[in-house]
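Chemist:
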Amino acid sequence: MASLDTYTCNECGTAFKSMAGANAAEAGYCSPACETEGKGL
Ligand SMILES: [Zn+2]
3 MASLDTYTCN
13 ECGTAFKSMA
23 GANAAEAGYC
33 SPACETEGKG
43 L
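Our numbering puts the first residue of the sequence shown at 3, with every later residue one more than the last.
1) With 8 Å as the threshold, decide whether the Cβ of residue 7 is near any Cβ in chain D.
2) Could you check whether the Cβ of residue 31 sits closer than 7 Å to any heavy atom belonging to ligand 1?
3) Measuring from the CB of residue 28, is there a heavy atom of ligand 1 at a distance below 7 Å?
4) Can you tell me which residues form a DSSP beta bridge with residue 17?
5) If you check the beta carbons only, do residue 32 and residue 26 fall under 8 Å apart?
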């Protein structure tokens, strides 16, 4: 059973669930689009 934690997206502020240690959790973004925006790429 995977444990999901709730994180808040650094870009849009949306609360999202992700597995601890997953890329999304590590980066702190709810989606690749937000990650792109957040990093200013
Ligand atoms: Zn987001």
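Idealized CB from N, CA, C, for every residue including glycine.
Modeler: According to the structure data:
1) Of the protein chains in the structure, only one exists, and it is not chain D.
2) Stepping through the sequence shown from its first residue, residue 31 is reached at position 29. Yes.
3) Stepping through the sequence shown from its first residue, residue 28 is reached at position 26. Not so, every heavy atom of ligand 1 lies at least 7 Å from the Cβ.
4) Looking up residue 17 in the sequence shown gives position 15. Paired residue(s): 10.
5) To locate residue 32, count along the sequence shown from 1; it is residue 30. To locate residue 26, count along the sequence shown from 1; it is residue 24. Yes; because the gap between Cβ atoms is below 8 Å, this pair is in contact.
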